[in-house]
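Asks: Would you mind keeping the following structure in view while I ask a few things?
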Amino acid sequence: MAIRSHYYLSIADLAHARGPVAALSYDGAGPDDLSAAVQEALRTPSLFERWRAMQDEPDDVDPTLGATDPSATVSAHVHDLRIDVDLITDLPMSIVRQRLNLLIGASWQLRDMRKA
4 MAIRSHYYLS IADLAHARGP VAALSYDGAG PDDLSAAVQE ALRTPSLFER
54 WRAMQDEPDD VDPTLGATDP SATVSAHVHD LRIDVDLITD LPMSIVRQRL
104 NLLIGASWQL RDMRKA
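Positions in the sequence shown are counted from 1; adding 3 to them yields our numbering.
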């Protein structure tokens with residue numbers, strides 16, 4: 004049984020928070036757009052499937068990387084010139100990290116993680 008975790012993240016400069024591949028990258032303008040994009044990336048296989056299709060051998064990609072959490076919740080808000088993100092999911096950090104990196108690159112920082 005998966006452990007539900009609460010991740011506390013921050014993004015120093017949302018205006019420059021973009022993933023390395025434009026076709027997969029976050030393209031919103033504010034905290035609400037960001038939280039919607041991350042939530043969709045965790046709840047549905049859409050981002051994973053687009054990324055997998057870009058790989059040299061899509062059929063060789065480990066299917067467990069495509070795990071989703073339909074009940075994942077994400078909220079983001081401005082706090083002292085940065086964006087704070089609260090993310091609750093039962094997905095492991097390895098999957099959360101991959102989805103965040105696809106969407107916003109290395110622009111995020113994990114500040115804390117607790118059992119939800």
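Glycine included, every Cβ here is placed at the ideal spot set by N, Cα and C.
I'd like to check one pair, residue 119 with residue 86: are the Cβ atoms closer than 8 Å?
Replies: no
Asks: For residue 85, list the residues DSSP reports as bridge partners.
Replies: Its beta-bridge partners are 82.
Asks: Relative to the alpha-carbon of residue 89, which residue among 47, 79, 26 has its alpha-carbon at the smallest distance?
Replies: Taking only the C-alpha atoms, the option nearest residue 89 is 79.
Asks: Quick check on residue 24: does DSSP put it in helix, strand or coil?
Replies: coil
Asks: The alpha helix (DSSP H) with residue 37 in it runs from where to where?
Replies: 34–46
Asks: Kindly indicate which three-state DSSP category residue 94 falls into: helix, strand or coil?
Replies: coil
Asks: Assuming residue 93 and residue 20 are in contact, meaning their beta carbons sit under 8 Å apart, how far apart are those beta carbons, in whole angstroms?
Replies: The pair is not a contact, with the Cβ atoms about 25 Å apart (cut-off 8 Å).
Asks: Leaving out the 5 sequence neighbours to the left and right, which residues in its chain are closer than 7 Å to residue 97 when beta-carbon positions are compared?
Replies: Around residue 97: no qualifying Cβ.
Asks: Would a C-beta distance cut-off of 8 Å place residue 45 and residue 75 closer than the cut-off?
Replies: yes
Asks: Using CA coordinates, which residue listed in 108, 67, 113, 114 is at the minimum distance from residue 30?
Replies: Residue nearest to residue 30 within the set 108, 67, 113, 114 is 108 (criterion: CA-CA distance).
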